[in-house]
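Here is the structure we will look at.
Numbering (our numbering), first residue to last: 536 to 655.
Here's what the structure looks like:
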């Protein structure tokens, strides 16, 4: 076994074993964790105070209503009428190639499915 393989094996073994936890190590971690959380909450609170009032924020319904207004029925109908008036040229040569359809099975298998009774 080479030196690199031995080192990799040792790293894997340490990962599998992890850090042993007992009452004192957990208590130390818990104290650090609570302190970090309190600092994060304090920093978040300070940033909210500098951002201004919460009255300026829109509710979910207001955001949805504004976005829904973009897709109004009148705009959709106007776009549909515009598309009807527009002339399209279709390049039919793109659809002439039937080679892609040779391997497809067009037999109707739905008849077999309709005869099966559902499990109750």
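All C-beta atoms in this analysis are idealised placements derived from N, C-alpha and C, irrespective of residue type, glycine included.
In this text, all values refer to a predicted model and were calculated from it rather than measured experimentally.
Limits of the alpha helix (DSSP H) - the one that residue 546 falls within: Run containing residue 546: 538-552, per the alpha helix (DSSP H) assignment.
Endpoints, alpha helix (DSSP H) assigned at residue 608: Start and end: 608-620.
Residue 594 in three-state terms, based on DSSP: Reduced to three states, the DSSP call for residue 594 is coil.
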